[in-house]
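**Q** In full-length UniProt numbering, the protein residues as written are 1 to 72.
C-beta atoms are modelled at their ideal positions from N, C-alpha and C, and glycine is treated no differently.
Pasting in a structure now, in structure tokens, and then I'll have a few things to ask.
Written out as structure tokens, the structure is:
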């Protein structure tokens, strides 16, 4: 099963290899989008504009995913 999504300015493929809990899938997608937006924009304010969410949301989720990576 394969799904395509428009991510920021590039067309990228998301390949779904297995059924997983929706929460896990959403977190994987959020992590990828936030990471790419931060790399492209360079700040939480600009990344928030790209993602059309608040700066606080980007900052909070960035911290959450960084903490997850550090504890893994």
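If contact is defined by three or more beta carbon pairs under 8 angstroms, each pair taking one atom from either stretch, is the region 13 to 21 in contact with the region 37 to 48?
**A** Taking 8 angstroms as the limit for Cβ pairs, the verdict is that the region 13 to 21 does not touch the region 37 to 48.
**Q** Please report how far the alpha carbon of residue 52 lies from the alpha carbon of residue 21, in whole angstroms.
**A** Here the question's residue 52 lines up with position 52 in the chain shown. Here the question's residue 21 lines up with position 21 in the chain shown. Distance between the alpha carbons of residue 52 and residue 21 is about 25 angstroms.
**Q** State the Cα-Cα distance for the pair residue 47 and residue 23, rounded to the nearest angstrom.
**A** The residue given as residue 47 occupies position 47 in the chain shown. The residue given as residue 23 occupies position 23 in the chain shown. Answer to the nearest angstrom: the Cα atoms are 22 angstroms apart.
**Q** Just to confirm, are residue 50 and residue 37 a CB contact at a threshold of 8 angstroms?
**A** Within the chain shown, residue 50 is the residue found at index 50, counting from 1. Within the chain shown, residue 37 is the residue found at index 37, counting from 1. Contact flag set, yes.
**Q** If you measure from the CB of residue 65, is any heavy atom of the ligand HEM nearer than 7 angstroms?
**A** Here there are no bound small molecules, and the ligand HEM is not part of this structure.
**Q** Given a cut-off of 8 angstroms, decide if residue 34 and residue 62 are closer than it, judged by their beta-carbon atoms.
**A** Walking along the chain shown from the start, residue 62 turns up at place 62. Walking along the chain shown from the start, residue 34 turns up at place 34. It is a contact, given that the beta carbons lie within the stated cut-off.
**Q** Within this structure, are the beta carbons of residue 45 and residue 55 separated by less than 8 angstroms?
**A** Along the chain shown, read from residue 1 onward, the residue named residue 45 stands at position 45. Along the chain shown, read from residue 1 onward, the residue named residue 55 stands at position 55. It is a contact, given that the beta carbons lie within the stated cut-off.
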